[in-house]
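This report refers to the structure that appears directly beneath it.
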Amino acid sequence: MDYAALQSAAAASHLAVVGAFHPEAHHKAPEGTGTLALLAPLEPGFWAHFTASPEYEDGAPDPMDRWSTRVVTDLAAATNATPVFPFGGPPYSPFIAWAQETGRIHKSPVTLLVHDKQGLMISFRGALALREVIDLPPPPLSPCLICPAPCEEACPVDALSEDGYDTAACHAFLDTSDGQDCMQNGCKARRACPVSQDFARDPAQSAFHMQSFHK
Numbered sequence: 011m012d013y014a015a016l017q018s019a020a021a022a023s024h025l026a027v028v029g030a031f032h033p034e035a036h037h038k039a040p041e042g043t044g045t046l047a048l049l050a051p052l053e054p055g056f057w058a059h060f061t062a063s064p065e066y067e068d069g070a071p072d073p074m075d076r077w078s079t080r081v082v083t084d085l086a087a088a089t090n091a092t093p094v095f096p097f098g099g100p101p102y103s104p105f106i107a108w109a110q111e112t113g114r115i116h117k118s119p120v121t122l123l124v125h126d127k128q129g130l131m132i133s134f135r136g137a138l139a140l141r142e143v144i145d146l147p148p149p150p151l152s153p154c155l156i157c158p159a160p161c162e163e164a165c166p167v168d169a170l171s172e173d174g175y176d177t178a179a180c181h182a183f184l185d186t187s188d189g190q191d192c193m194q195n196g197c198k199a200r201r202a203c204p205v206s207q208d209f210a211r212d213p214a215q216s217a218f219h220m221q222s223f224h225k
């Protein structure tokens, strides 16, 4: 399987290959992995697809994780790969470290990961650990290198900075009337990213994730 075929297989499942690399032993990928490919929602259209799924409609907890488990497992079977997930621990797979190894996902000025196409809206639904070592396209430069970094000024309570993430301040703000914009439309810092603004995520999807985060 080549990289283009992998992208096509993922797209058929409403997922995008947002980065890949050839892991070594210290990366803690599944044994025998030649290429590790990270998967994220494919836009536009991911939210409509997900909300039509049995996992979303059955009313049971954790519909996104259950959808991801089913779909990524099926995709792994079709590509002769091992499925890996960012949830279900402890222990947890090191997705943040893996993401930065791809060369397409970087640490932003507000510490959140930023992707060359999805910006600060990047999220992971799983990964494929392929046995083959497939050729990968050269990664582009980080979008932050040519960005005035509006994300740094966007958070109303300065919860995000190079020093880390003040989750207590963020949660407290979300409980206020002013915080409802973030709850309904997504994190202001993520939305301020110029790349994120070009990424067609449905606002309802952002609200879904904010509600899950704020539980």
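For the sequence shown, our numbering begins at 11 and goes up steadily by one. Yeah, the Cβ is synthetic: ideal placement off N, Cα and C, and Gly gets one too. Computed from a prediction, not measured in an experiment: that's the story for all the values here.
Nearest to Trp108 by alpha-carbon distance, out of Arg80, Asp72, Pro40, is Pro40. In the DSSP annotation of this structure, Ala39 is not part of any alpha helix (DSSP H), being labelled neither H nor E. 8 Å or more divides the Cβ of Asp75 from the Cβ of Phe105. Non-local C-beta neighbours of Gln207 in its own chain, meaning closer than 8 Å and more than five positions away in sequence, comprise Gly129, Arg201, ordered along the chain. Assignment of Ala91 by DSSP, reduced to helix, strand and coil, places it in the strand class. Counted as a single uninterrupted DSSP element, the stretch harbouring Ile144 is not any beta strand (DSSP E), since DSSP gives it neither H nor E. In the structure shown, the three-state DSSP call for Ala137 is strand.
Taking Gln194 as the centre and dropping the five residues before and after it, the same chain places the C-beta of Ala217 closer than 6 Å to its C-beta, in chain order. If one requires a minimum length of 4 residues, the alpha helix (DSSP H) runs lying completely within the region 53 to 121 are 56 to 61, 64 to 67, 73 to 88, 105 to 111, in chain order. When only Cα atoms are considered, Leu138 and Val167 end up about 37 Å apart. Scanning its chain for C-beta atoms nearer than 7 Å, with the 5 sequence neighbours on each side dropped, one finds around Gly42 the residues Arg141, in chain order.
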